[in-house]
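Chemist:
There are 4 protein chains.
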Amino acid sequence: MIKVGIIGATGYAGAELVRILTGHKNARIEWYGSRSYIDQKYADVYRNMFQIVDDTCMDDNMEELADRVDVIFTATPQGLCASLVNEGILSKAKVIDLSADFRLKDVSVYEEWYKIEHKAPQFLDEAVYGLCEINREKVKTARLVANPGCYTTCSILTAYPLAKEGLIDMDSLIIDAKSGTSGAGRGAKLPNLFCEVNENIKAYGVAAHRHTPEIEEQLGYAAGRKVTLSFTPHLVPMNRGILATEYAGLTRKVTPEEIKAVYDRYYGDEKFVRVLDPDVCPETKWVEGSNYVDIGFKIDPRTNRIIMMGAIDNLVKGAAGQAVQNMNLMFGERESEGLELVPMFP
Amino acid sequence: MIKVGIIGATGYAGAELVRILTGHKNARIEWYGSRSYIDQKYADVYRNMFQIVDDTCMDDNMEELADRVDVIFTATPQGLCASLVNEGILSKAKVIDLSADFRLKDVSVYEEWYKIEHKAPQFLDEAVYGLCEINREKVKTARLVANPGCYTTCSILTAYPLAKEGLIDMDSLIIDAKSGTSGAGRGAKLPNLFCEVNENIKAYGVAAHRHTPEIEEQLGYAAGRKVTLSFTPHLVPMNRGILATEYAGLTRKVTPEEIKAVYDRYYGDEKFVRVLDPDVCPETKWVEGSNYVDIGFKIDPRTNRIIMMGAIDNLVKGAAGQAVQNMNLMFGERESEGLELVPMFP
Amino acid sequence: MIKVGIIGATGYAGAELVRILTGHKNARIEWYGSRSYIDQKYADVYRNMFQIVDDTCMDDNMEELADRVDVIFTATPQGLCASLVNEGILSKAKVIDLSADFRLKDVSVYEEWYKIEHKAPQFLDEAVYGLCEINREKVKTARLVANPGCYTTCSILTAYPLAKEGLIDMDSLIIDAKSGTSGAGRGAKLPNLFCEVNENIKAYGVAAHRHTPEIEEQLGYAAGRKVTLSFTPHLVPMNRGILATEYAGLTRKVTPEEIKAVYDRYYGDEKFVRVLDPDVCPETKWVEGSNYVDIGFKIDPRTNRIIMMGAIDNLVKGAAGQAVQNMNLMFGERESEGLELVPMFP
Amino acid sequence: MIKVGIIGATGYAGAELVRILTGHKNARIEWYGSRSYIDQKYADVYRNMFQIVDDTCMDDNMEELADRVDVIFTATPQGLCASLVNEGILSKAKVIDLSADFRLKDVSVYEEWYKIEHKAPQFLDEAVYGLCEINREKVKTARLVANPGCYTTCSILTAYPLAKEGLIDMDSLIIDAKSGTSGAGRGAKLPNLFCEVNENIKAYGVAAHRHTPEIEEQLGYAAGRKVTLSFTPHLVPMNRGILATEYAGLTRKVTPEEIKAVYDRYYGDEKFVRVLDPDVCPETKWVEGSNYVDIGFKIDPRTNRIIMMGAIDNLVKGAAGQAVQNMNLMFGERESEGLELVPMFP
C-alpha cells in the first residue's frame, strides 16, 4: 500500500487527486494538506466526498510529511515546492510536483517566464519531466517528477510523433488551445465568476502564457533543435476539457494513411492515447473524467498544412491523472491502476 | 460472469448502462441493441467508448436475446417492453425494464397517464418495483423488475421515511423538481436544442407529468393510504442531475434532531443514500456521475412545514445505476459492485 | 433632460441601469459612483460600454450628488442608502433605492431579517414601494422609492390578482423560485465561481431568505390579512432570469377561463405584464433583456390547487428596468421610455 | 416607411431580423415568410415576441412579396434565393440575401464548395458583397446585396487593414474561429442538442468549411493577390458570439503603436468597429446583442507574428444586424438606425 500525502488537496487538481486515489487499489491518502482549510473536514470543503473521505485538512509541513508517506504530491502555486523540497525530503519520499517548478531545465527561462527566483535549482537536473508516454523509463527511477502542465500535455502529445519524424516545419507551428474553467483554479477571482465566463469566449495570455517555453522545450527535444512557436490559450464556458488545434506546414507530401501510421507507431500500444479514425475530430466531452488523450488530424492540400487536434480532460491527463500515472510507474504498479476511468457522456 | 443484453443501448440511459457495466467485475455485455444504429460500431455512436467497446449495434430481437444472456435491460420508450416480454422470455432471462411499463400496479392508471394500451398486464402483479432501498428483498427473487423513473426515485426516497412515520401531512405534499436535459433523451427535437435550453428555465408537464402516479402509488404504500400530490418538473440548463424540493405540513411539532434521527434510522446503513448534516442543502453537482442520493431538510417553524430536498444523477441512481443495483441484487452480487463511482467535481 | 446619479454603478444592477439609461431619450447619467473603482474609466470595468460611456467612476458622495442631479439610484448593499439619506438630500433630489432599506414598513421586521440596525426609520412611512403596476399613483409623487427585490417582483405580480380576489388560500401559498447567477452580484466569492455553479442546481436560504417578509407584506395588503408563506430560492446555471413556481389551494371551484379573465382584468392594460395563453408555461429566455413579466397558470383539479408561474429578467424588471420605470413615473415621462427592450432569443 | 418582407423568418437569423426591425423607426415588416410554420402566429413560434408581433407566418412566394414590399430579406438555406430571384423581382424590390448564393463572384468556386448548381449566375456580377465598412458606396446603389457570412464578417474585418497595407504575409494567415451554437441554426439535429454541445468543444469542417473561399476572395481583394489560407471553425457551448483568432507573419518590423494607428485609420470613424486599447483581448460577451465588431491584437516578437483577434455577435453583425445596416444604406437611412443596441452584460 503506497502511503500518499497531498499538499494543496483542496484546489481543483488536488481534489481530482483525491477522487482518483480513492479508487486506487494500492494507494491510501494519509495527509490532506490545505493551508486554507486546516482542521476542517475535507468533506465539508468538497461535499462530493461526504461519507467517502472522513479526514481533516492539515497544514503544509513537508518535513513531517516525508516521514509519514511514500510519495508527496504538491498541487500548489509556483514556487512552493521548490521552496520546500530538499535532499532530506527526497531521501525519504518521492515527490511529484504538479506545479511548474521543475518542468523547465533552464533556470533562467523559468525565472523569466514565472517572474520568481527558483529556490532549488540544484534539483533541476535530477527532476524527470513526467510525460509518461515519452519519458516512461526515466520516470520509473525518479525521486522527483515534474508533472506536465495541462495545456502542455495536450499540445506536446498531439504534435510529438510528427515533430520527432521531421514531418512538420517546426518554425510554422501554431497552437491554438481552448480550456475549460477549472484550469483557472478555485481562487475567488472576478474573471472566473459564472456570469463573466458563461456565454463568453476570449483569448488570454496571448504570446505570453507560461506553458509556452515548456512546450517549446519538449518539442525541441523531439525535433532535435530549438523550437519557437505561437501558443494562444482561450477560456471556454465549460468546467473541464482542453482542445488544442495545432497548425504546421508539412515538410513533404504525405497521405493521411502515412500520418495515421506514424501516430499508430508511436501510440498504438499506449493505453491512454487514442488515435482517432481518419477525419474524426476529437471533442473534449468524449474524454471527460478520463485519462485519455484523443488525437485526430486533417491534411489540407490547399495550404500544404496539417491541422492536428488533441483533447484531454485538463484535471485528469492534464493534472491529477497523469500524476497518478507517474506514481504508478515510480512504484512499480500497473500503469493504469486507478485510471481506468470511462469517459462520462453526456 | 453475468451475460447482459441491452435493448436501447444508444439512448442516454442505455449509454450510461454501458459506461457502468464496463467497470463491473462480473458482468459482460453481449448484446448492444439499437434499432436506429443496427450494424454500426457502438463506439461510432458514442465516441467516448472508442477502444473500450468494440462491438456493433444489433436489432431488438428479444427472443433471440433471451437465449443468449442472463439479463435483459430495456432502455426503450414506453410500451416496447410490454409488447415484447412473455413467459418464454422470462423463463430464460431476467428482465429489468427502465421504461414505465411495469411500474404502476393498476393498468387503468397506466393507460390513463400514458395514453397507450398495456400489452402485458398479466405480469403487473409479478413485476417488482425496483427501488432497492425499499424493496430489496423482493428484488432479489424477481424475474421482472420495473426500474423506477428518475424523478420518482429522487422524489420518493426524499419523502419516504417521513411519510412512513406519519410525520408529514400527505395531503399537503408538493414536489417541485428540477432536471438536467439528459432526462429528455437523445431524440433530435427542437425544445432540446442547445440554444433553446441554455440560459433558460421553464416548468413543463404541469399537473400532468407521468411520474406523478408513480410517486403517489409508492408514497401511498408508505403512508398506508391513497396519496394525491402536486408534482412539477422543470428543465434546467445542465446535462445531468435532479433536485427535488418537497414541501409538506408537519403533523406534529418536531425538532431537526428528531427528523435527522428518522432519516438515519431508515438510511444509516444504506450505502447510496447520504443524509446530509443539518442545514446542508444538497446540490446536484455533488452526486454527479455517482449512484448517490443526497438528502437534506429544513423545518420552517413559521409555516409549520418541512422542506425536504433530494439530489441524484438522473442517469445513474435515476436510471442505469439503479438498474445495475437491481441486477446485483437479482444475481447475488455485492449490491455496490460496479457502482462505487466517486462523484466528479467540478 | 433628467440628470441621473448612480451609486453602485459597477455592480450588475448598476451596470444594467447604465445599459438602459444609455437608451433613454430624456435622461443623462451625470455620476457613475463606484467606491471600488474610483478614478477608473467606467468602460474599463465594463468593456461592453467601450466607446459608449466615456466617463470615470466617482466616489459615493451623496450630498454632493444631490446638488448635481435630479435623481439618485442607489444600487448598493443593504444599509448604505439608509445611512446616507436625509431630509436635505430628499429636498434636492429624488432617491430610488434598489436595496432593501425602505421596502419593509415595519422596522423590527427589517432588523430581524437583515440583522442590521435601520439608520433612517423616519423615512419608512414616506417611502413608496415601487412596484409600478400596483402603486403607480403613489410612485408619481414620491421623493423616495423603494425598488422591489428581484424575487419579490416576480413572486408578487404572479400571485397578486388571485390574492386580491380571494381566489387562493393564502395559508397554503408556497413559492419555489429559481434564479440566474447575476442575482448573486459581482462579488468574487467561491460559491459564484463558474465551476461551482455550472452543471449544478441547489436551493439556498431555505425558510430564511430575506425576500420572504417583503413578499408577505405586499401580498398581505392584497389579501387584506397577514400572510405567512414558504419561499425557497434556487441557484440556476444561467446568467439572467427568475422563474417563480407558486402553489396555492383554490378557495372555490374555478375554470381556467375565469382565472384568465381575472389576470386580464388586472394586467390587460399593463405594457410590461404579459398574461400568457392558457396552458403556456413561461420561460425565462422569452423575457431575457426586457422589462416583461410573463405569467401563466394551470389548475390541477386532482389536488384543487392552482400552479401559477411567473418569469422575469432579474436585472431588468427585477432591478434596473423597474427602477427606470419608477423614475419615468416620478418625472412624468412616458412610463415605458427607455424600456422598449425586445427580449433577446436565443 | 420601408416595407419589409422576410423569407425564412423563423430561423434564428430571421428571428433576429424581426427583433431588430421591431425597433427600427422607418421600417415595418409586412411579410413573415416561413414555409415550416405557415398560418401559425409568429409569436407562437417565438414567444419572446408575444404582444409585440401579432402577425401570422406566410409562405415563400417571392413574386407576390415583390409586389408588396420594398425590400426582401432571404434568411434561407443555400440555393433558395438563387432559385427564386429574377429580373422582375429585382425591378420591384431590393433583395438582401443572407445565404451564400451571391457572395462568391466565381460560380465554379460556389459550386465546388457548396455542391449545388447555381441557378442565377447572371446576377453574380451585379450583386454587391454587403460588408458595409468596405463596400459602403456600392451597397448604397445595389439592388441585390449578398450579406456576408458570420465567420467571414469577423474574419475579414479583423485582418483587412493589415492585409490592405501589406503588413502581413498572406501565405501565413491562419484563422482559428470559435462560434456559439446559434450559428448552426434551429434545425432539430442531434449534434446541436443541449447535451451534445454543453460541456464540450470541438473543431468541425476542418480545411473544408464553406466560409473559407469567401474570406479568401475578400482578403484577396485587399491584398491585391490570390490568397489561400487555413480556416478552422469550432463549436462553443454558448448561444451567441464568434471569436476569430488570426495568426500571420509580419512583413516588416512594426510597433504596436504603428499597428494601432493603421487600425484606427481604417476604423476610427466606423461606428460599429471598436479597435480596442493595446493588450486588450476582445470577448464575445462584450458585444452580445449588438452590431459591434471588437478588434484587438498582439505582436509576438519571438515568432515575428501578429495575433489579431475579432469578436462579434454572430446573429447581429454576423447576420441580421449587418443586413439591416445594408438596408439602411440602400434606402438612404441613417446607417445605424435600429442598430444602436447596447451590448448586454452579463
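For the record, the sequence lines run as chains A, B, C and D.
So for the first sequence, this note's numbering puts the first residue at 14; every next one is plus one.
So for the second sequence, this note's numbering puts the first residue at 14; every next one is plus one.
So for the third sequence, this note's numbering puts the first residue at 14; every next one is plus one.
So for the fourth sequence, this note's numbering puts the first residue at 14; every next one is plus one.
For each residue, glycine too, the CB sits at the ideal point set by N, CA and C.
Out of Asn327/B, Val288/B, Ser243/B and Gly24/B, point me to the one whose CA is closest to Ser192/B's CA.
Modeler: Among Asn327/B, Val288/B, Ser243/B and Gly24/B, the Cα nearest to that of Ser192/B is on Asn327/B.
Chemist: Got a sec: which bits of the stretch 188–211 of chain B sit with their beta carbon under 7 Å from any beta carbon on chain A, in order along the chain?
Modeler: Result list: Ser195.
Chemist: For the 8 Å Cβ check, are there 3 or more pairs between the stretch 103–123 of chain C and the stretch 146–158 of chain C?
Modeler: Output reads yes: the stretch 146–158 of chain C touches the stretch 103–123 of chain C.
Chemist: Please name the residues in the stretch 232–248 of chain A whose beta-carbon is closer than 8 Å to at least one beta-carbon of chain D, in chain order.
Modeler: Within the stretch 232–248 of chain A, the residues whose Cβ lies closer than 8 Å to some Cβ of chain D are Thr241, Leu242, Ser243, Thr245 and His247, listed in chain order.
Chemist: Have a look at Gly281/C and Gly162/C and give me their C-alpha separation to the nearest angstrom.
Modeler: Taking the straight line joining both Cα atoms gives about 24 Å.
Chemist: When we look at the beta-carbon of Ile85/D and count the other beta-carbons within 10 Å, is it buried (16 or more) or exposed?
Modeler: Per the 10 Å Cβ criterion, buried.
Chemist: Determine, for Val219/B, whether the minimum Cβ-Cβ distance to residues of chain C falls below 8 Å.
Modeler: With 8 Å as the cut-off, Val219/B counts as an interface residue toward chain C.
Chemist: Taking 8 Å as the CB-CB cut-off, is Thr23/A touching chain F?
Modeler: Looking at the structure shown, chain F is missing, and the protein chains on hand are A, B, C and D.
Chemist: When Cβ atoms are compared, which residues of the stretch 60–74 of chain D fall closer than 8 Å to chain C?
Modeler: Cβ contacts with chain C: Arg60, Asn61, Met62, Phe63, Gln64 and Ile65.
Chemist: So Gly18/A and Val82/A are supposed to be a Cβ contact under 8 Å. How far apart are they, rounded?
Modeler: Confirmed, Cβ separation roughly 4 Å.
Chemist: What does Trp299/D pair with, by DSSP beta-bridge criteria?
Modeler: DSSP lists no partner for Trp299/D.
Chemist: Arg252/C CB to nearest chain A CB: under 8 Å?
Modeler: Here residue 252/C is Asn; the residue named in the question, Arg, does not match the sequence. Closer than 8 Å: yes.
Chemist: On the three-state DSSP scale, how would you describe Phe310/C?
Modeler: Of the three classes helix, strand and coil, the one that applies to Phe310/C here is strand, per DSSP.
Chemist: Run down chain A in chain order and give the residues with a C-beta less than 8 Å from the C-beta of Phe86/B.
Modeler: Those within 8 Å of Phe86/B in chain A number zero; the least Cβ separation is about 17 Å.
Chemist: Can you find a CB in chain A that lies within less than 8 Å of the CB of Gly27/B?
Modeler: Taking Cβ atoms only, chain A never reaches closer than 8 Å to Gly27/B, which makes this a no.
Chemist: So, helix, strand or coil for Val120/C, using DSSP?
Modeler: If DSSP states are grouped into helix, strand and coil, Val120/C belongs with the helices.
Chemist: Compare the C-alpha of Leu137/D against each of Cys94/D, Asp292/D, Cys167/D and Tyr173/D and name the closest.
Modeler: That would be Cys94/D, whose Cα lies nearest to the Cα of Leu137/D.
Chemist: When you compare the CB positions of Ala236/C and Ala176/C, do they come within less than 8 Å of one another, or not?
Modeler: The answer is yes: Cβ separation under 8 Å.
Chemist: Is DSSP giving His224/B helix, strand or coil here?
Modeler: Three-state result, His224/B: helix.
Chemist: From the DSSP output, read off the bridge partner residues of Pro246/C.
Modeler: Per DSSP, Ala190/C.
Chemist: For chain C, check one thing: does any of its Cβ atoms lie closer than 8 Å to the Cβ of Phe285/D?
Modeler: No, its Cβ sits nowhere closer than 8 Å to a Cβ of chain C.
Chemist: How far does the beta strand (DSSP E) with Gly46/C in it extend, from its first residue to its last?
Modeler: Taken as a continuous stretch (DSSP letters only), the beta strand (DSSP E) holding Gly46/C covers Ala40 to Gly46.
Chemist: Compare the Cα-Cα distances from Ile187/A to each of Asp52/D, Gly262/D, Val120/D and Arg253/D and report the closest residue.
Modeler: Of the candidates Asp52/D, Gly262/D, Val120/D and Arg253/D, the one whose C-alpha sits nearest the C-alpha of Ile187/A is Gly262/D.
Chemist: Spell out whether any CB of chain A is found under 8 Å from the CB atom of Met14/B.
Modeler: Taking Cβ atoms only, chain A never reaches closer than 8 Å to Met14/B, which makes this a no.
Chemist: Quick one: is Met357/B near chain A, going by C-beta distance under 8 Å?
Modeler: Yes, contact with chain A.
Chemist: Select from Tyr25/D, Met14/D and Ile20/D the residue whose C-alpha is nearest the C-alpha of Pro2/C.
Modeler: This structure leaves residue 2/C out entirely; chain C is present only between 14 and 359.
Chemist: If you follow the alpha helix (DSSP H) that Leu103/C is part of, which residue opens it and which one closes it?
Modeler: Looking at the DSSP string, the run of the alpha helix (DSSP H) that includes Leu103/C is Glu100 to Lys105.
Chemist: Given a cut-off of 8 Å, decide if Leu256/D and Ile320/A are closer than it, judged by their beta-carbon atoms.
Modeler: No, the Cβ-Cβ distance between Ile320/A and Leu256/D is not below 8 Å.
Chemist: What are the boundary residues of the beta strand (DSSP E) that includes Arg318/A?
Modeler: It spans Arg318 to Ile325 - the beta strand (DSSP E) in which Arg318/A sits, taken as one unbroken run.
Chemist: Which chain C residues are close to Arg32/D, counting only those with a beta carbon under 9 Å from its beta carbon?
Modeler: By Cβ distance, chain C contributes Val355, Pro356, Met357 and Phe358.
Chemist: Taking C-beta pairs closer than 7 Å, name the residues in chain A that Met322/D reaches, listed in chain order.
Modeler: The contacting residues are Ala216.
Chemist: Out of Arg149/A, Gly254/A and Asp114/A, point me to the one whose CA is closest to Glu164/A's CA.
Modeler: The displayed chain sequence assigns Tyr, not Glu, to residue 164/A. Among Arg149/A, Gly254/A and Asp114/A, the Cα nearest to that of Tyr164/A is on Gly254/A.
Chemist: What does DSSP give as the partner residues of Asp110/A in its beta bridges?
Modeler: Thr87/A and Ala159/A, per the DSSP bridge assignment.
Chemist: Residues of chain D with CB closer than 8 Å to the CB of Gly36/C, please, in chain order.
Modeler: Going along chain D in sequence order, the residues near Gly36/C (Cβ under 8 Å) are Glu353 and Val355.
Chemist: What span of residues does the alpha helix (DSSP H) with Ala26/D cover, start to end?
Modeler: Segment Tyr25 to Thr35, the alpha helix (DSSP H) holding Ala26/D.
Chemist: State whether the stretch 287–298 of chain D contacts the stretch 214–230 of chain A, with contact taken as three or more CB pairs (one from each stretch) at a distance under 8 Å.
Modeler: Output reads yes: the stretch 214–230 of chain A touches the stretch 287–298 of chain D.
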